[in-house]
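Enquirer: Numbers in the working numbering are just positions in the sequence shown, counted from 1, shifted up by 2.
Ideal Cβ positions, reconstructed from N, Cα and C, are used throughout, including at glycine.
All values reported here derive from a predicted model rather than from experimental measurement.
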Amino acid sequence: MPVRVAIVGVTGYAGGELARILLRHPEVRLVAAVARSHQGEPLRDVQPHLHGAPDALRIGNDVGDAEVVFTALPAGEAAKQAPAWIAEGRAVIDIGSDFRLRDPKAYERWYKYAHPSPELLREAVYGLTELTRPKLRNARVVANPGCYPTATLLALAPALKAGLIEADLIIDAKSGVSGAGHNVDEAFLYGTIDESVRPYGVPSHRHTPEIQQEAEAIAGGGHIRLTFTPHLVPMTRGLIATCYASLRAGVGAAQVNDAYRAAYAEEPFVRITTSYPATKATLGSNWCLVHPIVDEANRRLVVFGVLDNLVKGAAGSAVQNLNAMRGFPETLGLESLPLWP
3 MPVRVAIVGV TGYAGGELAR ILLRHPEVRL VAAVARSHQG EPLRDVQPHL
53 HGAPDALRIG NDVGDAEVVF TALPAGEAAK QAPAWIAEGR AVIDIGSDFR
103 LRDPKAYERW YKYAHPSPEL LREAVYGLTE LTRPKLRNAR VVANPGCYPT
153 ATLLALAPAL KAGLIEADLI IDAKSGVSGA GHNVDEAFLY GTIDESVRPY
203 GVPSHRHTPE IQQEAEAIAG GGHIRLTFTP HLVPMTRGLI ATCYASLRAG
253 VGAAQVNDAY RAAYAEEPFV RITTSYPATK ATLGSNWCLV HPIVDEANRR
303 LVVFGVLDNL VKGAAGSAVQ NLNAMRGFPE TLGLESLPLW P
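(1) Which residues share a DSSP beta bridge with Tyr-128?
(2) Taking only runs that begin and end inside the region 25-98, name each unbroken beta strand (DSSP E) of 3 or more residues, in chain order.
(3) Just to confirm the assignment, what range does the beta strand (DSSP E) spanning Tyr-246 have?
(4) Name the DSSP beta bridge partners of Asp-170, please?
(5) Expressed to the nearest angstrom, what Euclidean distance is found between the alpha-carbon atoms of Gly-254 and Arg-139?
(6) Quick one: what's got a C-beta closer than 6 angstroms to Pro-118's C-beta in the same chain, skipping five residues either side?
(7) At the level of alpha carbons, what is the spacing between Tyr-128 and Val-144?
(8) Return helix, strand or coil for Leu-234, following the three-state DSSP convention.
(9) Around the Cβ of Asn-63, are there at least 16 other Cβ atoms within 10 angstroms (buried) or fewer (exposed)?
(10) Just the Cα atoms here: how many angstroms apart are Val-272 and Gly-329?
(11) Count the CB pairs spanning the region 212-223 and the region 281-295 that are closer than 8 angstroms, and state whether there are at least three.
(12) What would DSSP say about Asp-310, mapped onto helix, strand or coil?
(13) Whose C-alpha, out of Pro-343, Ser-206 and Thr-152, is nearest the C-alpha of Gly-318?
(14) What are the boundary residues of the beta strand (DSSP E) that includes Asp-260?
(15) Rounded C-beta distance between Ala-247 and Glu-168? I'm assuming under 8 angstroms.
(16) I'd like to know whether the C-beta atoms of Leu-171 and Ile-226 end up nearer to each other than 8 angstroms.
(17) Answer with buried or exposed for Glu-110, where buried requires no fewer than 16 other C-beta atoms within 10 angstroms of its C-beta.
(18) For the alpha helix (DSSP H) containing Ala-219, list its first residue and its last residue.
(19) Counting only beta-carbon atoms, is Phe-330 nearer than 8 angstroms to chain D?
(20) Which class does Val-7 belong to by DSSP, given the choice of helix, strand or coil?
(21) Buried or exposed for Asp-47, please, with buried defined as at least 16 other CB atoms from any protein chain shown within 10 angstroms of its CB.
(22) Alpha carbon to alpha carbon, how far is Ile-95 from Arg-26? Give it in angstroms, no decimals.
(23) Among the candidates Gly-165, Arg-60 and His-184, whose CA atom is the shortest distance from the CA of Ala-261?
(24) Can you give the beta carbon distance from Ala-243 to Gly-307, rounded, assuming they're within the 8 angstroms contact cut?
(25) For Pro-340 and Leu-334, I'd like the C-alpha separation in whole angstroms.
(26) Please classify Ser-177 as buried or exposed, where buried requires at least 16 other C-beta atoms within 10 Å of its C-beta.
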């Protein structure tokens, strides 16, 4: 029997991308599309790219008989509703930020609210599938990673895990504006973003503690100093994280290359590229492209992590997590190759 799923927050970019993927998934039935706006309207009219969605699938306010609830909501909203769904025996995959940080007090500092269900933070599994796969099977709460952390952590994980780099990281990241969601702020209008690149959220971007928390866990503990600088670039989709770290004494290119090949040799959605990766080569797909370079003269490792921020950076990784939770092949429903050109 197909897994019955609901999407709460289906009218946003990430929610629409979830629907696009789930409607084609052979082991899933999308039974509820939930949002505060557009009540009663067909999903295919609200999300105009979902031509194949059945007319009967309309925007409502209830998750129905869903076994798994995907949430794509503003910060703090999923954490208010998740306890009731879990008590009813449902699983929750949150592609927002509500369960990513383990320390409830971190939400007060970075998100400016008191976490409404701190007990779930202890249970939530951080859903970067490639790194937390064993914990996902039969999980009740999955915290889907942010887009910047996904690219950054996949770029750095082999080096961190193998102890090849010092605990001082600099991340320079650039994302298309769909990462900001449906936003009518002047900063995201066409006339503002076209032909312009600008940094934002320094040093207070909300993905900073998430990257630091998980990087420290991958490295086996200990403090990691992190400088994270995100930028908005004038494109709709795509994200590149350029990561810098100092190599430890005695580490060379051969060790780095061996670590990366070994880490991702069997991964279905991570490719170690032989040339500089481009964001366009990931569009519409669940792929993450990783390219490590050793700058021997300066004893530094530079790694690029590239992905589609709405797929591998959000909806695609959430479906990959669903597959891991239910024992399906992780590629199920995610086989689409990137669009080109």
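Expert: Walking through what the data contain:
(1) Reading the sequence shown from its first residue, position 126 is the one you call residue 128. DSSP output for Tyr-128 lists Ala-145 as bridge partner(s).
(2) 30-36, 70-73 and 93-96
(3) Taking the first residue of the sequence shown as 1, we reach residue 246 at position 244. It spans 241-249 - the beta strand (DSSP E) in which Tyr-246 sits, taken as one unbroken run.
(4) Taking the sequence shown and counting its residues from 1, the one referred to as residue 170 is at position 168. Asp-170 is bridged to Arg-227.
(5) Residue 254 sits at position 252 when you count from the first residue of the sequence shown. Residue 139 sits at position 137 when you count from the first residue of the sequence shown. So the alpha carbons of these two residues sit roughly 37 angstroms apart.
(6) By 1-based counting over the sequence shown, the position of residue 118 is 116. Correct list, in chain order: Ala-81 and Lys-82.
(7) For this step, residue 128 is matched to residue 126 along the sequence shown. For this step, residue 144 is matched to residue 142 along the sequence shown. For Tyr-128 and Val-144, the gap between their C-alpha atoms comes out near 6 angstroms.
(8) Locating residue 234 in the sequence shown gives position 232, where the first residue counts as 1. Here Leu-234 sits in strand by DSSP.
(9) Taking the first residue of the sequence shown as position 1, residue 63 is located at position 61. By the 10 Å Cβ count, Asn-63 comes out exposed.
(10) Start at 1 with the first residue of the sequence shown, and residue 272 comes out as number 270. Start at 1 with the first residue of the sequence shown, and residue 329 comes out as number 327. Roughly 20 angstroms separates the two Cα atoms.
(11) no
(12) Indexing the sequence shown from 1 puts residue 310 at position 308. Coil, per DSSP.
(13) Here residue 318 refers to the residue found at position 316 of the sequence shown. When only C-alpha atoms are compared, the closest one is Thr-152.
(14) Numbered from its first residue, the sequence shown carries residue 260 at position 258. Per DSSP, Asp-260 belongs to no beta strand (DSSP E); it is in the alpha helix (DSSP H), 255-266.
(15) Your numbering for residue 247 matches position 245 in the sequence shown. Your numbering for residue 168 matches position 166 in the sequence shown. 6 angstroms between Cβ atoms; contact.
(16) Position 169 of the sequence shown, counted from the start, is the residue given in the question as residue 171. Position 224 of the sequence shown, counted from the start, is the residue given in the question as residue 226. Cβ atoms of Leu-171 and Ile-226: closer than 8 angstroms.
(17) What you label residue 110 is simply residue 108 of the sequence shown in a count that begins at 1. Counting Cβ neighbours within 10 Å, Glu-110 comes out exposed, since fewer than 16 surround it.
(18) As a first step, residue 219 must be located in the sequence shown, where it is residue number 217. Looking at the DSSP string, the run of the alpha helix (DSSP H) that includes Ala-219 is 209-220.
(19) The chain inventory of the structure shown lacks chain D, comprising one protein chain alone.
(20) On the sequence shown, position 5 is the one that residue 7 refers to. In the structure shown, Val-7 sits in a strand (DSSP, three-state: E or B).
(21) In the sequence shown, counting from the first residue as 1, residue 47 sits at position 45. Asp-47 should be labelled exposed.
(22) Within the sequence shown, numbered from 1, the residue matching residue 26 stands at position 24. Within the sequence shown, numbered from 1, the residue matching residue 95 stands at position 93. About 18 angstroms.
(23) Your numbering for residue 261 matches position 259 in the sequence shown. Answer by Cα proximity: Gly-165.
(24) Counted from its first residue, the sequence shown places residue 243 at position 241. Counted from its first residue, the sequence shown places residue 307 at position 305. About 4 angstroms separates the two Cβ atoms, so the contact holds.
(25) Here residue 340 is taken as the residue at index 338 of the sequence shown, counted from 1. Here residue 334 is taken as the residue at index 332 of the sequence shown, counted from 1. Distance between the alpha carbons of Pro-340 and Leu-334: 16 angstroms.
(26) Numbered from its first residue, the sequence shown carries residue 177 at position 175. So Ser-177 counts as buried.
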